[in-house]
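Okay, so the sequence shown: first residue is 141 according to the numbering used here, each after it adds one. Note that beta-carbon positions come from the ideal geometry of N, C-alpha and C, so glycine has one too. Everything numeric in this text was worked out from a predicted model, so none of it was measured. Step one of this worksheet: look at the structure below.
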Amino acid sequence: MPSAPTADPLAALNPEQRAAATYGAGAKSGPPLLVIAGAGTGKTTTLAHRVAHLILQGADPGRILLLTFTRRAAAEMTRRAEGLVARVRGGASGRLPWAGTFHSIANRLLRLHGAALGLDPAFTVLDRGDAEDLIDLERTTLDLDKKEKRFPKKGTCLAIYSRKVNSGAPLEDVLDKAFPWCASWEAELRTLFRNYVASKQNQQVLDYDDLLLYWSMLCGEPELAREVSARFDHVLVDEYQDTNKVQADILLAMRPDGAGLTVVGDDAQSIYGFRAAEIGNITGFPDAFATPAEVISLDRNYRSTQPVLDAANAVINESKSRFRKALVAHRGDGPKPRILVVEDESRQAEVVAAQILERREEGLQLKDQAVLVRAAHHSDALEVELSRRDIPFVKYGGLKFLEAAHVKDVLAILRWAENPRDGVAAFRVLQLLLGVGPAGARRAVETFASGGLSSWTAPAEAGAEWKSLRSTLDGLRSSPDWEGQIHQVRLWYGPVLERTHENAPLRESDLDQLELVAASFPSRERFLAELALDPPATLGDEAGPPHLDEDWLTVSTIHSAKGQEWRAVFVLNVVDGCIPSDMSTGNAAEIDEERRLLYVAMTRAKDHLALVQPQRYFVRSQSRTGDRAIQAPNSRFLPPHVLAHFERQAILLPKHADGSPVGGKARVDVKKRLRDMWE
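Listed below in structure tokens is the structure:
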């Protein structure tokens, strides 16, 4: 039965959230709005309520465009907004068909309007791995792999291409700023990228970055921009601080006067500069229109205690962020955050592992605790210590879902069925056949381009497999029913999996998971595009956290932890050289982003926050003297007036006369002793 209608759907909002949810609200497009949502201030709640309020005021849900950065965020926002509307109306919610990531919405719009750009609506989307393979194919064709001097590898080449496309900067500037070791190859890279683009066009495939680029080009023509824009009365954007230049250009082209445009974000959490995110998009948003946008700030934090926020506020106040804010805790007081001073990285691992167990004995589950690091390798010593102490943990991120060879194989077969001109998919699938290697697969793809599948004769040993594969492809292409297609692929692929992988049963369970994921998509095209654009981070992502144990700890990079929260958070290596990274201190903008990264890490903590500072760390060396101990300078982000918000706790081992620790592990240079035996 439908639930009884609710009187006031905005009753749970605070005054600032309510102001943002109802600003200019109505069925028609209103003035532009910027919501500066500090960490833990209910950003998702506010945006979902704004969407719901628009619908309840008469806006057509089918004419609301909601843009996010992950499929999961779009689903959560949609679930909340539709739930609010359903409660008010007593059951009728009003569906939001245009909620999704920038790239997934681009994929859908290009299939509707791409013909104006000469784009076949049946194009397929390359994931990052396939894009790398295609660019490597062109790299090899141009003999760039045979240069006397080291030419960038395929992953670096794609990263350069992506940075240039998303930043809109000249290639020369991209190389100088982000890839200086590749600057001497500018001319060759231009040729490579021209060939890469031509190859994609010939095959009617787009890579991840092309989706935004084509959408931007679509909106670059005023008439086409009006046609796309006319689909929507309201455009709402989440995490606006993470947008790049291309994304901002798209929005401004669709809404040149800002009418009906709402963006939500926090300049203090802009930490994706390495992906070409442009903080100026959010700081310059109010002045981007003839009539300046309204700015509403959310400062009431519902996550952390006030001492944690006082320390985080002190850190970010040193930043050049345009929108000043002081987060205030809704929850009130709590323990002061700590600075843990330890001897070195080995001692850091011991201390953090011990304190995690202490918290657990106090009643804090491992799931309520996290260890955050600036770079993935910073947790190496800790992972060994956690294993030694039998503390189960999940590290983000591990093997990406689409990087598993057997998953890529199945997806390649589906992509080839979707787009017969997809040479990258065909190249991969053909090498699954007996007796077909890279050279044979390449010749076959060239043959298909002119004569179709029937024009190629498979090697004798692959004859039966090739006949069966052709039958499978024909069946997939002719069937209008998406349900069961992965099962059809697996009927052909099963024997190949058994032949090519020793641990086939384990891999079969991954393909079971892939089938479960596929069941939530309405079509093969949507499934392939969405999975390429926003893949699960790990093999178990779609099914929730892996069942390693009754409880487990989270170990994560700070970038991967954004948007998450835990009751207790340990941040490792808060020293200059690590936070900030010595690779990101070339200019003031990079240093400011590193400061924001520390702020993001600190604001993940609800109750307990500890920043860990090793006094020295060891640098691996090939010299005769062995590894060297380097003194670790205090992080520049923690000057004395900021440190006043912390409790400093030195956890150092007492020393014997020879310098070895009392009750601890003496550091012995065994390698040097073994060498000295032969002196």
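State the DSSP-derived secondary structure class of residue i, mapped to helix, strand or coil.
i	result
D549	helix
Q509	strand
F588	helix
A151	coil
R788	strand
T391	According to the sequence shown, residue 391 is Leu rather than Thr. Here L391 sits in helix by DSSP.
L572	coil
T241	strand
A748	Contrary to the premise, residue 748 reads as His rather than Ala in this sequence. DSSP places H748 in strand when its eight states are reduced to three.
L783	helix
N384	strand
N421	helix
S696	strand
R756	strand
L504	coil
CB residue i to CB residue j, shorter than 9 Å?
i	j	result
A489	V524	yes
A581	A600	no
V448	K702	no
A430	D397	yes
G164	L173	yes
G180	L467	yes
L749	V782	no
I204	A239	yes
A416	N306	yes
L792	Q755	yes
F463	L352	no
I626	E655	yes
L572	V629	no
V481	A790	yes
W622	S649	no
A516	R647	no
T640	Y536	no
Which same chain residues end up closer than 8 Å to residue i when comparing Cβ atoms and leaving out the 5 residues on each side of it in sequence?
i	result
L332	I275, E278, R279, L282, L284 and C297
N559	A262, F263, T264, Q343, Q344, V345 and A565
T445	A469, R471, G472, D473, G474, P475, K746 and D747
A246	L351, L352, Y354 and W355
D273	K294, V564, F567 and R568
E638	A644
P155	none
L668	T264, V265, L551, L554, R555 and E558
Residue i to residue j, Cα distance in whole Å?
i	j	result
R583	A728	51 Å
Q157	S369	27 Å
R610	S595	12 Å
G198	Y412	37 Å
S775	K548	42 Å
V657	G624	12 Å
L522	D508	18 Å
E328	A299	15 Å
G258	K289	39 Å
V569	I553	6 Å
G254	A215	26 Å
A683	L506	Reliability of the predicted coordinates at A683 is poor, the pLDDT of 35 falling under 50, and the value obtained from them is presented with this limitation in mind. So the alpha carbons of these two residues sit roughly 20 Å apart.
G360	A256	12 Å
S486	A741	22 Å
L249	T743	37 Å
L376	R736	24 Å
E605	L613	12 Å
A428	L738	29 Å
R227	L206	21 Å
A388	A454	30 Å
R561	T597	18 Å
Near residue i, what residues of its chain come up, given a Cβ to Cβ distance below 6 Å and the 5 sequence neighbours on each side ignored?
i	result
V175	A160, V404 and I436
A188	M217, R220 and A221
S608	W632
E730	S724
P171	G164
Note down, in chain order, each residue of its chain lying with its Cβ closer than 7 Å to the Cβ of residue i, except the 5 sequence neighbours on either side.
i	result
A192	P149, A221, L224 and V225
G575	P599, E601 and A602
E822	Past the boundaries of the shown model lies residue 822; the chain is included only from 141 to 819, so the question cannot be answered.
S339	L274 and E278
For residue i and chain D, any beta-carbon pair shorter than 9 Å?
i	result
P396	Here chain D cannot be found, since the structure has a single protein chain.
Continuous beta strand (DSSP E) assignments of at least 3 residues falling wholly in the region 425-478: Scanning the region 425-478 from its first residue to its last, the whole beta strand (DSSP E) runs of 3-plus residues come out as 434-438.
Sequence ranges, alpha helix (DSSP H) only - wholly within the region 252-325, length at least 4: 268-281, 294-307 and 311-318
Alpha helix (DSSP H) runs wholly inside the region 580-639, at least 4 long, in chain order: 603-618
Secondary structure, alpha helix (DSSP H): runs of 4+ residues fully inside the region 356-382: Every alpha helix (DSSP H) stretch that sits fully inside the region 356-382 and reaches 4 residues is listed by chain position as 362-369.
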